[in-house]
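All you need for my numbering is the position in the sequence shown, starting with 1, plus 118. Built from N, CA and C at the ideal position, the CB exists for glycine as well. Computed from a prediction, not measured in an experiment: that's the story for all the values here.
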Amino acid sequence: MTPERFQKIKKILNQREKDLTLILDNVNKPHNLAAMIRTCDAIGIGKIYAKSKNKTIGLNLKAASGSNHWVKVKIHNKLTNLYKKLKRCNHNIFVANNTSSAIDFRQVDYTNPSAIVMGAELGGISKETLKYATKEIMIPLNGMVESLNVSVASAVILFEAKRQRELKNKHKKKPKSLEDNNLLFELCYPELSNILRQKGEAYPDLDEKGEIVY
């Protein structure tokens, strides 16, 4: 671990969007999943959620160009419990859905805790998801096509969310937590952190250069 890499990882974590996430409602095509993971990494989202009966959801992790190392994907058979948990934590659940009740995605305030839900490539949004939607959102289109590829659509919406948050200076003086320190150690020392987790031992502290304090 070089001091330069350590500072880069710290900077990345300081820009993380802890209360912004992406939920994939039966999105299963590997190239779409890989593209969405890369977008989340670029935005600063460290954890996303996916509904699928297949725990690997057909994802070729190599296609994510290493982004899967920085973005955790939590797999669920059902999303109901996740939605309930997000609601308890005061998250708005914005569902991308091209219906008459959907509003322009730019009219939504993403600066509050938010989850953006994208539906399956063919099946769209499930009834389970619609039940918990705060609002349905859509991307206005001016051409002959009726919809965008799901990975493209998610990128458009997520970068709008990022833009709004940067305007409100969401990254100013974020307090550090034990979870932040643990994540920093895991990203700097992935192999050692796996060993310590298996042993049930706490992570050691890191100094200003990223070196382990014994």
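Selection from the options that minimises the alpha carbon distance to residue i
i      : options                        : result
Glu329 : Ile313, Leu314, Leu302, Gln316 : Leu302
Asn150 : Gly237, Glu135, Lys136         : Gly237
Lys203 : Gly242, Asn216, Tyr250, Glu239 : Tyr250
Asp298 : Arg123, Glu122, Ile127, Met119 : Ile127
Leu285 : Asn230, Asn312, Tyr332         : Asn230
Glu166 : Ser272, Ser295, Asn208         : The question names Glu, but residue 166 is Ile in the sequence shown. Comparing Cα-Cα distances from Ile166 to each of Ser272, Ser295, Asn208, the minimum goes to Ser272.
Trp163 : Thr217, Arg283, Leu259, Asn312 : Inspection of the sequence shows that residue 163 is occupied by Ile rather than by Trp. Looking at the Cα atoms, Arg283 is the closest of the given residues.
His209 : Gly241, Arg123, Leu138         : Leu138
Thr217 : Glu264, Tyr201, Glu239, Ser232 : Glu264
Val145 : Met262, Leu240, Leu131         : Leu240
Gln344 : Lys205, Ser232, Ile161, Val226 : No answer is possible for residue 344: it lies beyond the span of the chain, which begins at 119 and ends at 332.
Leu296 : Leu324, Lys317, Asn287         : Leu324
Ser232 : Glu135, Leu248, His187, Arg156 : Glu135
Met119 : Ile313, Arg156, Pro308         : Pro308
Lys129 : Arg315, Cys306, Leu259         : Cys306
Leu248 : Met262, Asn287, Tyr201, Gln225 : Tyr201
His187 : Arg156, Gly261, Ile313         : Arg156
8 Å contact criterion, which residue i and residue j should meet: CB distance rounded
i      : j      : result
Ala220 : Ile275 : With a Cβ gap of about 12 Å, Ala220 and Ile275 do not count as contacting.
Ala168 : Val189 : Incorrect: roughly 11 Å between the Cβ atoms, too far for contact.
Ile234 : Asn215 : The Cβ separation is near 11 Å, so there is no contact.
Tyr321 : Asn300 : 6 Å
Glu304 : Ser311 : 4 Å
Lys280 : Phe124 : That belief does not hold up - the Cβ atoms of Lys280 and Phe124 are roughly 25 Å apart, past 8 Å.
Leu142 : Cys158 : Leu142 to Cys158, Cβ: 10 Å. No contact.
Cβ-based neighbour list, residue i, same chain, cut-off 7 Å, excluding 5 preceding and 5 following
i      : result
Phe112 : This structure cannot settle anything about residue 112, because the visible part of the chain is limited to 119 through 332.
Thr198 : Glu246
Leu131 : Asp298, Leu301, Leu302
Pro121 : Lys327, Gly328
Distance cut-off 7 Å: residue i Cβ against heavy atoms of the ligand SAM
i      : result
Phe303 : Of the ligands one can find in the structure shown there are none, so the ligand SAM has no counterpart to examine.
Close-in-space but distant-in-sequence residues of the same chain around residue i (CB under 6 Å, 5 per side omitted)
i      : result
Lys253 : Phe212
Glu154 : In the sequence as presented, Glu is not what sits at residue 154; that position holds Met. Counting only Cβ-Cβ distances below 6 Å, and skipping sequence neighbours, we find Ser269, Ser272.
Tyr228 : Ala279, Gln282
Close-in-space but distant-in-sequence residues of the same chain around residue i (CB under 8 Å, 5 per side omitted)
i      : result
Lys196 : Lys169, Glu246
- [ ] Could you name each continuous alpha helix (DSSP H) segment of 4 residues or more that falls completely within the stretch 134 to 220, going from the start of the chain to the end?
- [x] 148 to 161, 198 to 206
- [ ] Tell me, please, whether the stretch 133 to 152 touches the stretch 260 to 270 by the rule of three or more beta-carbon pairs shorter than 8 Å.
- [x] yes
TODO: Jot down the residue ranges of each uninterrupted alpha helix (DSSP H) in the stretch 224 to 266, minimum 4 residues, whole runs only, in chain order.
DONE: 245 to 248
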